[in-house]
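K.L.:
Protein chains in written order, with the working numbering: chain A, 1 to 242; chain B, 243 to 480. Mind looking over this structure? Questions follow.
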Amino acid sequence: MINWFYFASPATFYRLAGWMAPWFFAAAAILAVAGLYVGFAVAPTDAQQGEVYRVIFIHVPASWMSMFIYFVMACYGGVSLTFNTRLAAMMARALAPTGAMFTFVALWTGSFWGRPTWGTYWVWDARITSELVLLFLYFGFIALANAFEDPRRGDRASALLALIGVVNLPIIYFSVLWWNTLHQGSTVSFKGTSMHVAMLWGMLLMALSFWMYSVGASLTRVRAIILERERRTHWARELQFT
Amino acid sequence: MSATAIAAASVPATGSFATGFAWALRRDLTLAWRHPGETILVVAFFVLVASLFPLGIGAEPQLLARIGPGVIWVCALLAAFLSLPSLLAGDYADGSLEQMTLSPHPMSGWICGKVAAHWVASGLPLTMLAPLIGLQYGLSPDTLLALCAALAIGTPVLSLLGAACTALTLGARGGGMLLALLALPLFVPILVFGAGAAEAQATGLSPSPHLSILGAGLILAAVGLPPAICTAIRIALD
Chain A
1 MINWFYFASP
11 ATFYRLAGWM
21 APWFFAAAAI
31 LAVAGLYVGF
41 AVAPTDAQQG
51 EVYRVIFIHV
61 PASWMSMFIY
71 FVMACYGGVS
81 LTFNTRLAAM
91 MARALAPTGA
101 MFTFVALWTG
111 SFWGRPTWGT
121 YWVWDARITS
131 ELVLLFLYFG
141 FIALANAFED
151 PRRGDRASAL
161 LALIGVVNLP
171 IIYFSVLWWN
181 TLHQGSTVSF
191 KGTSMHVAML
201 WGMLLMALSF
211 WMYSVGASLT
221 RVRAIILERE
231 RRTHWARELQ
241 FT
Chain B
243 MSATAIAAAS
253 VPATGSFATG
263 FAWALRRDLT
273 LAWRHPGETI
283 LVVAFFVLVA
293 SLFPLGIGAE
303 PQLLARIGPG
313 VIWVCALLAA
323 FLSLPSLLAG
333 DYADGSLEQM
343 TLSPHPMSGW
353 ICGKVAAHWV
363 ASGLPLTMLA
373 PLIGLQYGLS
383 PDTLLALCAA
393 LAIGTPVLSL
403 LGAACTALTL
413 GARGGGMLLA
423 LLALPLFVPI
433 LVFGAGAAEA
443 QATGLSPSPH
453 LSILGAGLIL
463 AAVGLPPAIC
473 TAIRIALD
């Protein structure tokens, strides 16, 4: 029988993460090159928006990742609270900065797209506001996780906060349906899409690239967190001699 | 007989949700009554901040009537936020919170009692005072009614959300600013729908969709947040 909890130990996961992270970064780089090529060279100019629409190859994948990473983070938080595992809490901590970065990128590229298209950098539209709330949730998570002397206390408190904040995700996702405001509805759905095939491919390749980058970045970060936490253990001390 | 059975038998089985709720409500209301300064400060803060806006923005009646509901909601939100430390932090500091967890009553009972007492001491006075501020802003009677209804439904949600956030930050470094970072973003939906109810009324639409969503939020918060608050307190006392 496979021992599912073998890699739940920080010592074994440290090595696994160190081995996996470069592969994920490599996959991210390859997919990004392919995605940018499709996005800038293959995909046609948009009939209404001109060249400026090409920001979607960054904007849409970043927005997807901002929500997806929060969901994964909350799942890790739930696992860490229910099973009281240390590694799940460390993974939640490692994911938060990447998620905050993608949220910021989504807002930032959105405002650069909004200036030529809507004529304004910022509107208090439902989706943009809820995405901004998501950014503050990430900041709150990071601040709360680091606000305690005892790191385990910070783990548990921030995991609970992540679970409470999950309420925001459906609000972001459905905001364009529930409120008929400036941000356009989603172009891609499981039933099909209303865009050119090359545009869709560019977006999907970039999303995969961002996904791989997020995995690689969080694995690298969780290695640092593991080392910081386990610095007094035997195995961590032995690392400096190998 | 096993050890757990002995321990279970020695605890009097008198605890119930309602008794715990009533006990905590009475205790916190008595405390609030004996130290009226805190409630008065919250109310004074509310009135003071609401009166700063006309001075800062300009006193044209149309402008004031336009921004009135939003300003009153933001002030209520800040006042509810500022009164949060008295909800749990004092009891945590002097150890009575730890004693309460040992009581036979279910934890959610006295937690709900404490939150209810917090609302009576902060949310309710603000709701009752809002028409007065609304008159200063020149709101119509219908708008005032919608505003008060929204505040009456929305401020309990603020108390519940605030209780969860303040329970999470018990014993944390940089308490006040951290609490602001956690609580204020979570207050945003309440602010949007609360102010939206009064604005809809002011523009001639029905405020009932907004009020319904606020009511749904209240039910969701009342069901979902007490367990979260209990978990947060257990984490803090661990």
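Backbone N, C-alpha and C define an ideal beta-carbon position, used for all residues, glycine too.
For Asp384 of chain B, name the three-state secondary structure that DSSP assigns.
P.N.:
If DSSP states are grouped into helix, strand and coil, Asp384 of chain B belongs with the helices.
K.L.:
Measure the CB-CB distance between His452 of chain B and Ala439 of chain B and report whether it falls below 9 angstroms.
P.N.:
In contact: His452 of chain B and Ala439 of chain B (Cβ atoms closer than 9 angstroms).
K.L.:
In whole angstroms, what is the alpha-carbon distance linking Ala394 of chain B and Ser401 of chain B?
P.N.:
Between Ala394 of chain B and Ser401 of chain B, the C-alpha separation is close to 12 angstroms.
K.L.:
Shorter than 9 angstroms from the beta carbon of Ala157 of chain A to some beta carbon of chain B?
P.N.:
True, the Cβ-Cβ gap to chain B drops below 9 angstroms.
K.L.:
Just checking: is the beta-carbon of Ile172 of chain A within a distance shorter than 9 angstroms of some beta-carbon in chain B?
P.N.:
It does not: the Cβ of Ile172 of chain A has no partner Cβ on chain B nearer than 9 angstroms.
K.L.:
Could you check where the alpha helix (DSSP H) with Val491 of chain B kicks off and where it finishes?
P.N.:
Lying outside 243 to 480, the shown extent of chain B, residue 491 of chain B is not represented and no answer is given.
K.L.:
If contact is defined by three or more beta carbon pairs under 8 angstroms, each pair taking one atom from either stretch, is the segment 283-297 of chain B in contact with the segment 355-370 of chain B?
P.N.:
The answer is yes - the segment 283-297 of chain B touches the segment 355-370 of chain B, with three or more Cβ pairs under 8 angstroms.
K.L.:
Is Gly50 of chain A helix, strand or coil by DSSP?
P.N.:
Strand at Gly50 of chain A.
K.L.:
Quick one: Cα of Trp178 of chain A to Cα of Leu456 of chain B, how far?
P.N.:
So the alpha carbons of these two residues sit roughly 15 angstroms apart.
K.L.:
Below 8 angstroms on the Cβ atoms is my contact criterion, and I expect Ala147 of chain A with Leu421 of chain B to pass it. Report the Cβ-Cβ distance as a whole number of Å.
P.N.:
That pair is no contact at about 10 angstroms.
K.L.:
If you draw a straight line from the C-alpha of Glu228 of chain A to the C-alpha of Pro348 of chain B, how long is it?
P.N.:
Their Cα atoms are separated by approximately 39 angstroms.
K.L.:
Excluding five sequence neighbours on each side, which residues of the same chain lie with their C-beta closer than 7 angstroms to the C-beta of Val8 of chain A?
P.N.:
The displayed chain sequence assigns Ala, not Val, to residue 8 of chain A. For Ala8 of chain A, where only same-chain residues beyond five positions count, the Cβ hits under 7 angstroms are Thr85 and Leu87.
K.L.:
Any beta carbon from chain A within less than 9 angstroms of Ala474 of chain B's own beta carbon?
P.N.:
Yes, Ala474 of chain B counts as interfacial toward chain A.
K.L.:
Mind checking the segment 24-45 of chain A against chain B and listing, in chain order, the residues whose C-beta falls within less than 8 angstroms of any C-beta there?
P.N.:
For the segment 24-45 of chain A, which is checked against every Cβ of chain B, not one residue is closer than 8 angstroms.
K.L.:
Using a cut-off of 9 angstroms between C-beta atoms, extract the partners of Val123 of chain A located in chain B.
P.N.:
In chain order: nothing, as chain B lies at least about 14 angstroms away.
K.L.:
Whole angstroms are fine: how far does the CA of Val38 of chain A sit from the CA of Met199 of chain A?
P.N.:
Straight-line Cα distance between these residues: approximately 8 angstroms.
K.L.:
Does chain A have any CB closer than 9 angstroms to the CB of Thr445 of chain B?
P.N.:
Chain A contact via Cβ: absent.
K.L.:
Taking all protein chains shown into account, decide if Glu51 of chain A is buried (16 or more other Cβ within 10 angstroms of its Cβ) or exposed.
P.N.:
Exposed.
K.L.:
Does Gly78 of chain A come within less than 9 angstroms of chain B when only Cβ atoms are used?
P.N.:
It does not; no Cβ of chain B falls within 9 angstroms.
K.L.:
Distance, Cα to Cα, Ser175 of chain A vs Ser328 of chain B?
P.N.:
Whole-angstrom Cα-Cα distance: 35 angstroms.
K.L.:
Can you find the residues in the same chain that come closer than 7 angstroms, C-beta to C-beta, to Arg54 of chain A, ignoring five residues on each side of it along the sequence?
P.N.:
Excluding residues within five positions, the ones whose Cβ falls inside 7 angstroms are Gly39 and Phe40.
K.L.:
Indicate whether at least one CB of chain B lies closer than 9 angstroms to the CB of Arg153 of chain A.
P.N.:
Yes - at least one Cβ of chain B is within 9 angstroms of the one on Arg153 of chain A.
K.L.:
Please report whether the beta-carbon of Ile164 of chain A lies at a distance below 9 angstroms from any beta-carbon of chain B.
P.N.:
True, the Cβ-Cβ gap to chain B drops below 9 angstroms.
K.L.:
With 9 angstroms set as the bound, which would you pick, yes or no: does the beta-carbon of Gly396 of chain B sit closer than that to a beta-carbon of chain A?
P.N.:
No - not a single Cβ of chain A is within 9 angstroms of the one on Gly396 of chain B.
K.L.:
Around the Cβ of Trp461 of chain B, are there at least 16 other Cβ atoms within 10 angstroms (buried) or fewer (exposed)?
P.N.:
Correcting the residue type first, residue 461 of chain B is Ile in the shown sequence and not Trp. By the 10 Å Cβ count, Ile461 of chain B comes out exposed.
K.L.:
Within the present structure, is the beta-carbon of Ala147 of chain A separated from the nearest heavy atom of the ligand PLP by less than 8 angstroms?
P.N.:
This structure simply doesn't include the ligand PLP, nor any ligand for that matter.
K.L.:
Decide if the segment 26-33 of chain A is in contact with the segment 208-215 of chain A; the criterion is three or more beta carbon pairs, one per stretch, under 8 angstroms apart.
P.N.:
With a cut-off of 8 angstroms, the segment 208-215 of chain A and the segment 26-33 of chain A count as touching, because enough Cβ pairs lie within range.
K.L.:
Under a CB-based cut-off of 9 angstroms, is Thr252 of chain A close to chain B?
P.N.:
Outside the modelled stretch of chain A, which goes from 1 to 242, sits residue 252 of chain A, for which no answer is possible.
K.L.:
Between which two residues does the alpha helix (DSSP H) containing Gly351 of chain B stretch?
P.N.:
Segment Met349 to His360, the alpha helix (DSSP H) holding Gly351 of chain B.
K.L.:
Below 8 angstroms on the Cβ atoms is my contact criterion, and I expect His59 of chain A with Thr109 of chain A to pass it. Report the Cβ-Cβ distance as a whole number of Å.
P.N.:
The Cβ separation is near 4 angstroms, so the contact holds.
K.L.:
Measure the C-alpha to C-alpha separation of Ser325 of chain B and Gln49 of chain A and round it to an integer number of angstroms.
P.N.:
When rounded, the distance between both Cα atoms is 49 angstroms.
K.L.:
If you run the structure through DSSP and keep just helix, strand and coil, what is Ser338 of chain B?
P.N.:
Correct three-state label for Ser338 of chain B: helix.
K.L.:
Below 8 angstroms CB to CB, which residues in the same chain sit around Phe24 of chain A once its five sequence neighbours on both sides are set aside?
P.N.:
Answer for Phe24 of chain A: Met212, Tyr213, Val215, Gly216 and Leu219, listed in chain order.
K.L.:
Tell me which residue opens and which closes the alpha helix (DSSP H) that Arg269 of chain B is part of.
P.N.:
First-last of the alpha helix (DSSP H) with Arg269 of chain B: Phe259 to Arg276.
K.L.:
Is Ala217 of chain A close to chain B, meaning its C-beta is less than 9 angstroms from at least one C-beta of that chain?
P.N.:
Judged by the 9 angstroms Cβ criterion, Ala217 of chain A is not in contact with chain B.
K.L.:
Quick check: the Cα distance between Gly413 of chain B and Leu423 of chain B, rounded to an integer number of angstroms?
P.N.:
Roughly 16 angstroms between the two C-alpha positions.
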